[in-house]
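Residue numbers (the working numbering): -10 to 204. Every residue gets a Cβ at the ideal spot worked out from N, C-alpha and C, and that includes glycine. Values in this document were obtained by computation on a predicted structure and should not be read as measured data.
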Ligand SMILES: [Mg+2]
């Protein structure tokens, strides 16, 4: 049944963080700390103020960066360089996931709200460095983040993704709203509180096992 639901898919689009590795991993907490530090220094805020702003913009705009650009005209390039300067050794290779993605028929893509260089670091440490045909980051979307519609439109156009022939794997529920509306087959991964939603076709807590059911 799962296999039939994906038999039309030619493009497999994967989010990166908390989709290809579990949210319990200590990678993203490092980025959050770096973001708070960057906001403190650049906007002259205390740590609690900066931390609150980081969370508020993430909730309001999809990413902290999107809020900082909109509200404070922050330059995205040094911000992204700074927050991605972290210790990637907390990630370890996942050969089972590598094999499961390789087995999918068609093009395999990364689409992250991080950057392509950052994605390359993460994929390298997960042992997935040669697994994907192309990587798209927030820079390819003109720094508009998922879940904004324009972001998907820009990336899908560059990647030559026809949404009705694509599947997308994401840990973020809201990041699947636009893909679903465009006709993408949506899979919610690693969801903390699984709840039925109209825009989620499938949910799984184990991406590797799910992918093995497809092929
Ligand atoms: Mg994610």
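Using CA coordinates, which residue listed in the options is at the minimum distance from residue i?
| i | options | result |
| --- | --- | --- |
| residue 91 | -4, 100, 186, 119 | 119 |
| residue 242 | 173, 193, 186 | Missing from the structure shown is residue 242; the chain here goes from -10 to 204 and no further. |
| residue 36 | 24, 46, 47 | 24 |
| residue 180 | -8, 2, 13, -7 | 13 |
| residue 121 | 68, 5, 201 | 5 |
| residue 144 | 105, 126, 154, 156 | 126 |
| residue 186 | 195, 169, 199 | 169 |
| residue 189 | 201, 171, 74 | 171 |
| residue 204 | 88, 99, 53 | 88 |
| residue 74 | 117, 109, 124, 146 | 109 |
| residue 200 | 133, 94, 154, 103 | 94 |
| residue 98 | 155, 53, 47 | 155 |
| residue 58 | -7, 38, 133 | 133 |
What's the call for residue i, buried or exposed, on a 16-neighbour Cβ count within 10 Å?
| i | result |
| --- | --- |
| residue 43 | buried |
| residue -3 | exposed |
| residue 163 | exposed |
| residue 161 | buried |
| residue 0 | buried |
| residue 130 | buried |
| residue 78 | exposed |
| residue 66 | exposed |
| residue 7 | buried |
| residue 194 | exposed |
| residue 18 | exposed |
For residue i, collect the residues of the same chain with a Cβ closer than 8 angstroms to its Cβ; drop the 5 residues on either side in sequence, then sort them by chain order.
| i | result |
| --- | --- |
| residue 10 | 16, 80, 83, 111, 115 |
| residue 101 | 4, 5, 6, 107, 108, 124, 125, 126, 127 |
| residue 104 | 69, 73, 126, 127, 128 |
| residue -9 | 191, 199, 202, 203 |
| residue 56 | 42, 45, 46, 47, 49, 50 |
| residue 76 | 19 |
Please tell me whether, using a cut-off of 7 angstroms, the distance from the CB of residue i to the nearest non-hydrogen atom of ligand 1 is below it.
| i | result |
| --- | --- |
| residue 8 | yes |
| residue 161 | yes |
| residue 62 | no |
| residue 4 | yes |
Which residues in the same chain as residue i place their Cβ atom closer than 6 angstroms to its Cβ, once the five residues preceding and following it in sequence are excluded?
| i | result |
| --- | --- |
| residue 176 | 158, 191 |
| residue 85 | 197 |
| residue 45 | none |
| residue 117 | 87 |
| residue 53 | 24, 43, 46, 47 |
| residue 39 | 25, 28, 29 |
Going along the chain, which residues of its own chain have a beta-carbon closer than 7 angstroms to the beta-carbon of residue i, five neighbours each way excluded?
| i | result |
| --- | --- |
| residue 167 | 136, 138, 141 |
| residue 72 | 20, 23, 24, 27 |
| residue 61 | 32 |
Quick one: does the C-beta of residue i sit closer than 7 angstroms to a heavy atom of ligand 3?
| i | result |
| --- | --- |
| residue 112 | This structure lacks ligand 3; the ligands present are ligand 1. |
Report yes or no: do three or more beta-carbon pairs, one from the region 30 to 37 and one from the region 143 to 153, lie closer than 8 angstroms? Here the region 30 to 37 does not lie against the region 143 to 153, with fewer than 3 beta-carbon pairs under 8 angstroms apart.
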